[in-house]
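Let me begin by presenting the structure, written as structure tokens, before commenting on it.
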Amino acid sequence: MPLTIIAFAGFYEGARHAVQYADTLAQALQAKLVLLHVNRAAMVDPYEMLGEEFRQDELRRQTDTAAALYRQAEALTTPATVEVTTDLLPVVADDLARRHHPVLFVLGQPEPGAAASTSVEADCADLLRTLHYPVLVVPRTAPAQEPPRRFLLAADREPFTLGPNSRPLRQLLATLGTHLAVAHVSDNVVDDAGCGAALHAVQVSGLVDGLTTPELRGYTHGHPDAGLLAAVQDTRADMVLMVARQRSYLGELFHRSVTARLLANSPVPVLVLPTAVEGAPAGQASHKTAAAR
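So for the sequence shown, my numbering puts the first residue at 349; every next one is plus one.
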């Protein structure tokens, strides 16, 4: 089955750039492309109490938005489908996943100073990560004309298992990767054993199965996200891959706040890969899904 990429679309620079990047990525992976426009993101439906007629009224007022999105889609290299909805809800994300089987969701990087768009982008990214869907956040500084070739895999000592939604993304590395590096950031101490454990965790996860053994590099820094930013510059990476565990330890590399700061500040796209939910049967979602609208 061909891969599908869902890109959050809009008309401001960050969203337009993310769509262009998704178009380039889709071309390189021979993937399908879906442009998605939402006004908000929430775990709870704001129209649950108001009634469905109010949602439909809001959708009718977005006719011009939808028409402009179709024109935007026509200008892309990859044939694209357009989806417009009022709110990104868990049930909506699940319905999109069921119908399109996306390999990842692509968003523009939240921009300081643009309160409205930043809130929507950040909320969408947070909701999708909570629902265990892979999220790629693209900064405006990332070149959109060429696909990524140099990948930086952020890892710590803790082993991890890729979640079912993350496993298809091994094709991203296999198809596009010309250089892979594993970066381990230690807290201002030299930790060769930790570096070795980090590389082993990546290899055992299956993420680099069949590929050349990644280069291993260690970095010392008091702040893991700052250490990873230094690693991006040092390795000349085009994209950073991070895992999103279903549990966090204070001070570990993949602590939620570390991921959030990296998503907000990285000069290159950051792909967040969900890990398997501990204690859940294979393929079982970790949240309750309401009936699709």
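Just so it is clear, CB atoms sit at the ideal spot from N, CA and C, and this is done for glycine as well.
Query raised in the report: When the distance is taken between beta carbons, is T434 closer than 8 Å to E406?
Result: yes
**Report entry** Residue from G362, L381, Q375, A441 with nearest C-alpha to I353
**Finding:** Out of G362, L381, Q375, A441, L381 has the C-alpha closest to the C-alpha of I353.
Report task. Keeping to the same chain, check which residues put their C-beta closer than 6 Å to that of L528; ignore five residues upstream and five downstream. Result -> F499, P562
Query raised in the report: Hey, would you say T489 sits closer than 8 Å to P615, going by beta carbons?
Result: yes
Report task. May I ask you to report which of helix, strand or coil DSSP gives D474? Result -> If DSSP states are grouped into helix, strand and coil, D474 belongs with the helices.
Query raised in the report: Taking Cβ positions, are N613 and G570 nearer each other than 8 Å?
Result: no
Query raised in the report: Quick one, are the C-beta atoms of M590 and V620 less than 8 Å apart?
Result: yes
Report task. Measure the CB-CB distance between Y481 and F453 and report whether it falls below 8 Å. Result -> Going by C-beta atoms, Y481 is nearer than 8 Å to F453.
Query raised in the report: Measuring CA to CA, which of F359, D393, A492, S553 is closest to D412?
Result: F359
Query raised in the report: Would G554 pass as a contact of L517 if the rule is Cβ separation under 8 Å?
Result: no
Query - Beta-carbon proximity check, L455 vs V485, cutoff 8 Å - result: yes
Query raised in the report: Just to confirm, are V538 and T583 a CB contact at a threshold of 8 Å?
Result: no
Query raised in the report: In terms of residue numbering, what span does the beta strand (DSSP E) encompassing P622 cover?
Result: 618-622
**Report entry** Cβ-based neighbour list, T526, same chain, cut-off 6 Å, excluding 5 preceding and 5 following
**Finding:** R497
Query raised in the report: Which term fits P622, buried or exposed, when burial requires 16 or more other beta carbons within 10 angstroms of its beta carbon?
Result: buried
Requested in this report: Could you spell out the range, first to last residue, of the beta strand (DSSP E) harbouring V530?
Outcome: 527-534
Query - Where A340 falls: helix, strand or coil (DSSP) - result: Residue 340 is absent from the structure shown; the chain starts at 349 and stops at 641.
Query raised in the report: Counting pairs of Cβ atoms below 8 Å between the region 437-447 and the region 541-551, do you hit three or more?
Result: no
Query raised in the report: Looking only at its own chain, which residues have a Cβ that is under 7 Å from the Cβ of H449, when we skip the five neighbours before and after it?
Result: Exclusion of the five residues before and after H449 leaves M349, T352 as the residues of its chain whose Cβ lies within less than 7 Å of its Cβ.
Query raised in the report: Considering only residues of the same chain and omitting the five flanking positions on each side of D540, which have a CB-CB separation below 8 Å?
Result: So the qualifying residues of the chain are G566.
Query raised in the report: What is the DSSP secondary structure of E506, counted as helix, strand or coil?
Result: Residue state, collapsed to three classes: coil.
Requested in this report: For D393, I'd like the list of residues in its chain whose CB is within less than 6 Å of its CB, leaving aside the five on either flank, ordered along the chain.
Outcome: A distance below 6 Å between beta-carbons, with the five flanking residues on each side excluded, links D393 to the following residues of its chain, in chain order: L437.
Requested in this report: Can you tell me which of the three DSSP states A517 falls into?
Outcome: Checking the sequence shown, residue 517 turns out to be Leu, not Ala. Helix, per DSSP.
Query - Residue nearest to T478 in terms of C-alpha spacing, selected from H532, P617, A531, M391 - result: M391
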